[in-house]
Amino acid sequence: MVIVAPSILSADFSKLGEEIKAVERAGAEWIHIDVMDGHFVPNLTMGPHIVSCVRKITNLFLDVHLMVENPERFVGSFSRSGADGITFHIEACNDPLKVIEVIRKSGCKVGISINPPTPVDSIAEFIDKVDLVLIMSVNPGFSGQKFIPDVLKKVKLVREKLNRLPRKVLLQVDGGINGETGKLAREAGADVLVSGSFIFGSEDYGKAIRDLLGR
Ligand code: DX5
Ligand code: ZN
Numbered sequence: 004m005v006i007v008a009p010s011i012l013s014a015d016f017s018k019l020g021e022e023i024k025a026v027e028r029a030g031a032e033w034i035h036i037d038v039m040d041g042h043f044v045p046n047l048t049m050g051p052h053i054v055s056c057v058r059k060i061t062n063l064f065l066d067v068h069l070m071v072e073n074p075e076r077f078v079g080s081f082s083r084s085g086a087d088g089i090t091f092h093i094e095a096c097n098d099p100l101k102v103i104e105v106i107r108k109s110g111c112k113v114g115i116s117i118n119p120p121t122p123v124d125s126i127a128e129f130i131d132k133v134d135l136v137l138i139m140s141v142n143p144g145f146s147g148q149k150f151i152p153d154v155l156k157k158v159k160l161v162r163e164k165l166n167r168l169p170r171k172v173l174l175q176v177d178g179g180i181n182g183e184t185g186k187l188a189r190e191a192g193a194d195v196l197v198s199g200s201f202i203f204g205s206e207d208y209g210k211a212i213r214d215l216l217g218r
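Quick note on the numbering used here: the sequence shown kicks off at 4 and runs consecutively.
Take a look at the structure:
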């Protein structure tokens, strides 16, 4: 069963609580929270305060995607704000094992991510130490970008590697996911589909989520 994680970066922030309740009613199991620092990516978004506000109104899994340099600096504040999972980028840190340890100790699930140009080899030695692998299907920084089909090869490759592990590690795809690209990602082996503009830009969130699930 695939999990849909709406990215609130595309939500209407003037009514964020209603937006979250609406995707919850529409069948979302996770909420994806994109954190950008203006260094690792050329955009600024949200910090721990938003996570604590969202935490008060939902029990859904809060999936924090850190697109920040030196991610270990922020793990404590996001975990205390109520994050359930924290994902960091291999490109943004010097010592991935340390970051994994810091997230693990915070009590959150651990995710590791690679950008479209980054090879799977760069994370191969870490995938048995995390709970989730995120393959970016756009260059991070903005919602509403076009899915890069080439990354499907990496999704398939990671799927094969994860299938050989003794425990469950989730495979997530993020960026440009809609009904069509979501199907490609599912067929390549994705467990979790992140989707921002496709869900929040549609009239009917329930239909958008069913499209992503292939129902
Ligand atoms: C991109 C973010 C994504 C983005 C997804 O940097 O990590 O989560 O918000 O938005 P869409 O689905 O519109 O590409
Ligand atoms: Zn994201």
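Cβ atoms here follow ideal geometry from the backbone N, Cα and C, with glycine treated the same way.
Kindly give me the distance between the Cβ atoms of residue 180 and residue 160, rounded to whole angstroms, as I take these residues to be in contact under 8 Å.
That pair is no contact at about 19 Å.
Rounded to whole angstroms, what is the Cα-Cα separation between residue 174 and residue 129?
14 Å
With C-beta atoms as the reference, is residue 23 less than 8 Å away from residue 67?
no
Where DSSP assigns a beta bridge to residue 135, which residues make up the other side?
Residue pairing by DSSP places residue 135 opposite 114, 173 in a beta bridge.
Do three or more CB pairs link the region 12–31 to the region 113–130 at distances below 8 Å?
no
Is it the case that the CB of residue 42 approaches a heavy atom of ligand 1 more closely than 7 Å?
no
Just to confirm, are residue 34 and residue 69 a CB contact at a threshold of 8 Å?
no
Are the beta-carbon atoms of residue 158 and residue 192 separated by less than 8 Å?
A contact, by the Cβ cut-off of 8 Å.
Is residue 92 near ligand 2, going by C-beta to nearest heavy atom under 7 Å?
no
Just to confirm my understanding: we take residue 132, look at its own chain, exclude 5 residues before and 5 after, and list those with CB closer than 8 Å. What are they?
100, 103, 113
Would you list the one or two residues that DSSP bridges to residue 147?
Note: residue 147 sits in no beta bridge, so no partner.
Among 52, 80, 48, 37, whose alpha-carbon lies nearest the alpha-carbon of residue 92?
37
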